[in-house]
Amino acid sequence: MGDRILSGGGYLVQDIDSRDVFTPEDFSDEHRQIAATTEQFVAGEIQPVNAEIEAGNFDLVVEKLRACAALGLMMIDAPEEYGGLELDKATSMLVMERMAFARNFGLSYMVQTGIGMLPLIYYGSADQKERYLGRLITAEMIGAYCLTEPGSGSDALGAKTTATLAADGSHYILNGTKQFSSNAGFADLFTIFAKVDKRHFTAFLVERSAAGLSLGPEEKKMGMHGSSTRQVILDNVRVPVANVLGEVGKGHKIAFNVLNVGRFKLGAFCVGQQKYALAEGARYANERRQFDAPISTFGAIREKLAAVAAMTFASEAVVYRLAGLIDERLATIVRGSDNYYVEYQKGIEEYAVECALAKVFCSEAAAWGIDAMLQVHGGYGYIAEYPIEQLYRDERVQRIYEGTNEINRLLIPGLLFRKGIGGKGLVPTFDTAASGEFAAENQLLQGMKRTWLTLADRIVARFGAKVTDEQEILLAVADVAIQIFALESAVLRAEKAVTAATEQRREEYRAVVILCTFAAKQRFINAVDRCAAFLGEEPPAAMAAVSAYRLAGLLAAQRLLAAAVSRAERYIF
404 MGDRILSGGG
414 YLVQDIDSRD
424 VFTPEDFSDE
434 HRQIAATTEQ
444 FVAGEIQPVN
454 AEIEAGNFDL
464 VVEKLRACAA
474 LGLMMIDAPE
484 EYGGLELDKA
494 TSMLVMERMA
504 FARNFGLSYM
514 VQTGIGMLPL
524 IYYGSADQKE
534 RYLGRLITAE
544 MIGAYCLTEP
554 GSGSDALGAK
564 TTATLAADGS
574 HYILNGTKQF
584 SSNAGFADLF
594 TIFAKVDKRH
604 FTAFLVERSA
614 AGLSLGPEEK
624 KMGMHGSSTR
634 QVILDNVRVP
644 VANVLGEVGK
654 GHKIAFNVLN
664 VGRFKLGAFC
674 VGQQKYALAE
684 GARYANERRQ
694 FDAPISTFGA
704 IREKLAAVAA
714 MTFASEAVVY
724 RLAGLIDERL
734 ATIVRGSDNY
744 YVEYQKGIEE
754 YAVECALAKV
764 FCSEAAAWGI
774 DAMLQVHGGY
784 GYIAEYPIEQ
794 LYRDERVQRI
804 YEGTNEINRL
814 LIPGLLFRKG
824 IGGKGLVPTF
834 DTAASGEFAA
844 ENQLLQGMKR
854 TWLTLADRIV
864 ARFGAKVTDE
874 QEILLAVADV
884 AIQIFALESA
894 VLRAEKAVTA
904 ATEQRREEYR
914 AVVILCTFAA
924 KQRFINAVDR
934 CAAFLGEEPP
944 AAMAAVSAYR
954 LAGLLAAQRL
964 LAAAVSRAER
974 YIF
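For the record, in the sequence shown the residue sitting at position 502 is 905 according to my numbering, with numbers rising by one throughout.
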């Protein structure tokens, strides 16, 4: 990694050196060992009992969470002084990715190690951590998070749950209802958001045993049947003032900063789902015979296998590039310093744009890829005994929670504009000409970045502070920014990897870049055309560089990649 740390959103105005990007090919032996431990746990402990978990055996889920904790897999993000390991984000994402093969259990794990634990880690007092964190790390206690309400989803700050300070000042009295709380059915500790005096948004740590706290019935969901989702009902629940998390009136900081990590983790989970779906599809395509041949030999099937492999490659590149950016920034903070977690949160918040776009890109890539692999199964993909059927149902919610993809899209340009990336006539610092094996793709990316900056300047100049009212335009320009980061991540990853690759591997990297570029260019053009049409203007002149890019060898690349996936019966990178 380089000496200069890239700022959030900086990818839009700079050329990036592939040597400065973290990729899956950079995993250390420790990374791979922890990934292997996770894979063994999932294969040995979770997959054999998936049917029981899917049927709603939550006692079994808790048992397996504790078995997972015994292996140290709950300790990754927790500080060492409370029994944690405090490993890097690359490790955290790698474990989360592998947990996707655990299906519903993976969500319970994601909640426990994410929104169930991170608010306490980042914002808890020493006393609160002493009382709760060690027990969360061992899964003696299970955590849940209560932000959404029946009447406030995307508008989280519109919550109606109240917290009233008692006359003697010893405790708060909470009243209200929280909706869609994952892990609620077996949780012991809830992070609950309420408004003190009906206006100061505040987080509280509330134990399950608190008088007046009750749960609604399990929601009957489309998917994720093996995860608990219930209402949390608060009827004059007394919460000691010692259980206020962070500061009164600062709950929004907790809610939004923890969501950044949640989006990031979900992106990694979606990468794992794509790999799972691709393996199921490739295996089935080799086994299923029609017209006296395996269907994996037919172009219609090969096209799907190759496209899903390429989309997975890009998603994986996005997630671990972001992990590298965050890890590099967090490494500059002195552990144990008085303001460590204040600076830590600033470090993560710096990449709020990238966290949002990773969530959007990876969840939509998973949706598309799982759908394609179900199609490979034909009618059998609609039958419950095949894993792809459950994956298809389970995936759908990922475009809704951790902020809907629409909300995340709206966040992206808003955050970029506040950083001054767009709307200020910025001149990008690009080399005059790209070079190397992927020079054409890098030249294309320069044109894509100039296009985004021009669109952003037009939007800000026209609408100014009222730009938030122009949601259709913001959604379109967000898609432009998303496609740039995703394609650049894929190209940089391949550019870095080919330097140490065999000739066969170089061909596979080249093939996957061709497919990634083809798909990203089409989506990019669509987004630019939408944005320009909404503005009633012609597309930016920089689109000439995008149009000038000529893709050669698409069919050969597609066939090469599909053949490699078919031979391996799994994702090959």
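For glycine and all other residues, C-beta sits at the position ideal for the given N, C-alpha and C.
{"Item": "When you compare each of ALA922, ARG501 and THR441 to MET714 by their alpha carbons, which one comes out closest?", "Value": "ALA922"}
{"Item": "Expressed to the nearest angstrom, what Euclidean distance is found between the alpha-carbon atoms of ALA759 and ILE595?", "Value": "23 Å"}
{"Item": "Nearest CA to the CA of TYR795: which residue from VAL464, THR441, ARG506 and ASP418?", "Value": "ARG506"}
{"Item": "Please classify TYR974: does DSSP put it in a helix, a strand, or coil?", "Value": "coil"}
{"Item": "In this structure, how does DSSP classify THR440 when only helix, strand and coil are distinguished?", "Value": "helix"}
{"Item": "Is it a yes or a no for the stretch 842-854 touching the stretch 684-693, going by three-plus beta-carbon pairs under 8 Å?", "Value": "no"}
{"Item": "Which ranges does the alpha helix (DSSP H) cover as unbroken runs of at least 4 residues, wholly within the stretch 777-841, from first to last along the chain?", "Value": "790-798 and 808-821"}
{"Item": "When DSSP labels each residue in this structure, what does ARG501 get in the three-state scheme?", "Value": "helix"}
{"Item": "Which residues share a DSSP beta bridge with PRO697?", "Value": "ARG692"}
{"Item": "Rounded C-beta distance between MET499 and PHE672? I'm assuming under 8 Å.", "Value": "5 Å"}
{"Item": "Does the distance from the C-beta atom of ALA493 to that of MET520 stay below 8 Å?", "Value": "no"}
{"Item": "Which same chain residues end up closer than 7 Å to ALA889 when comparing Cβ atoms and leaving out the 5 residues on each side of it in sequence?", "Value": "ALA717, VAL721, PHE764 and ALA923"}
{"Item": "Should the stretch 622-642 be called in touch with the stretch 527-534, which here means at least 3 C-beta pairs below 8 Å?", "Value": "no"}
{"Item": "If contact is defined by three or more beta carbon pairs under 8 Å, each pair taking one atom from either stretch, is the stretch 646-660 in contact with the stretch 472-486?", "Value": "no"}
{"Item": "Among THR632, LEU618 and SER617, which has the Cα closest to the Cα of LYS624?", "Value": "THR632"}
{"Item": "Report the CB separation of THR426 from TYR723 in whole angstroms; it is logged as a contact under 8 Å.", "Value": "6 Å"}
{"Item": "Roughly how many whole angstroms lie between the Cα atoms of THR735 and TYR414?", "Value": "20 Å"}
{"Item": "List the endpoints of the continuous beta strand (DSSP E) containing LYS899.", "Value": "Element bounds for LYS899: not the beta strand (DSSP E) but the alpha helix (DSSP H), 874-900."}
{"Item": "Using C-beta distances below 6 Å, list every residue in its chain close to LEU877, excluding the 5 sequence neighbours before and after it, in chain order.", "Value": "LEU813 and PRO816"}
{"Item": "Pair every Cβ in the stretch 550-563 with every Cβ in the stretch 690-705, then say whether three or more of these pairs are closer than 8 Å.", "Value": "no"}
{"Item": "Whole-angstrom Cβ separation of LYS668 and MET544, contact assumed at under 8 Å?", "Value": "Contact flag wrong, Cβ pair sits at about 20 Å."}
{"Item": "Report the rounded CA-to-CA distance for TYR512 versus VAL599, giving the unit in angstroms.", "Value": "31 Å"}
{"Item": "Assess, as a yes-or-no matter, whether the stretch 931-945 is touched by the stretch 862-879 under the definition of 3 or more beta carbon pairs within less than 8 Å.", "Value": "yes"}
{"Item": "In whole angstroms, give me the CA-to-CA distance for SER892 and LYS827.", "Value": "26 Å"}
{"Item": "Are the CB atoms of ALA547 and PHE508 nearer to each other than 8 Å?", "Value": "no"}
{"Item": "By the three-class DSSP mapping on this structure, what secondary structure does ILE636 have?", "Value": "strand"}
{"Item": "Flag this pair as yes or no: are the beta carbons of THR920 and GLU873 separated by less than 8 Å?", "Value": "no"}
{"Item": "Among residues of its own chain, excluding the 5 on either side of ARG666, which ones have a beta-carbon nearer than 8 Å to its beta-carbon?", "Value": "CYS758, ALA759, ALA761, LYS762, GLU805, GLY806 and ASN811"}
{"Item": "Who are the near neighbours of GLY615 in its chain, counting only those whose CB is closer than 7 Å to its CB and skipping five residues on each side?", "Value": "LEU637, ASP638, ASN639 and VAL640"}
{"Item": "Taking GLN582 as part of the beta strand (DSSP E), name the residues at either end of that continuous run.", "Value": "574-585"}
{"Item": "Cα-Cα, which of VAL931, GLU792 and LEU918 is closest to LEU856?", "Value": "VAL931"}
{"Item": "Please return the same chain residues whose Cβ sits closer than 7 Å to the Cβ of SER630, not counting the five positions on each side in sequence.", "Value": "ASN507, LEU510, SER511 and SER585"}
{"Item": "Measuring CA to CA, which of ILE437, ALA948, ALA965 and ILE576 is closest to LEU918?", "Value": "ALA965"}
{"Item": "Could you give the first and the last residue of the continuous beta strand (DSSP E) run that contains ILE545?", "Value": "Neither: ILE545 is in no beta strand (DSSP E) and is coded neither H nor E."}
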